[in-house]
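In what follows, a structure is listed as structure tokens, so that the remarks can point back to it.
In this note's numbering, the protein residues as written are 130 to 189.
Pasting the structure below:
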């Protein structure tokens, strides 16, 4: 399972981040204060992931 998760690469980071995000929303008393930073981090992970995918395709 760990190897399969490792093969996902940036998608694995996205999954872990989403789980942390959901746990934070469920456990923190005032989750609104965390939403903006989480959105920026979420967007950054997605952008970096797409750039990595484009680089892979370009090298092939």
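Cβ atoms here follow ideal geometry from the backbone N, Cα and C, with glycine treated the same way.
- Secondary structure of residue 189 (DSSP, three-state): coil.
- Inclusion of residue 150 and residue 169 in the CB contact set at 7 Å is not warranted, their separation being larger than that value.
- The DSSP-derived three-state label of residue 177 is helix.
- By the criterion of a C-beta distance shorter than 8 Å, residue 175 is surrounded in its chain by 143, once the five residues flanking it on both sides are discounted.
- Per DSSP, residue 145 is one residue of the alpha helix (DSSP H) stretching across 139 to 156.
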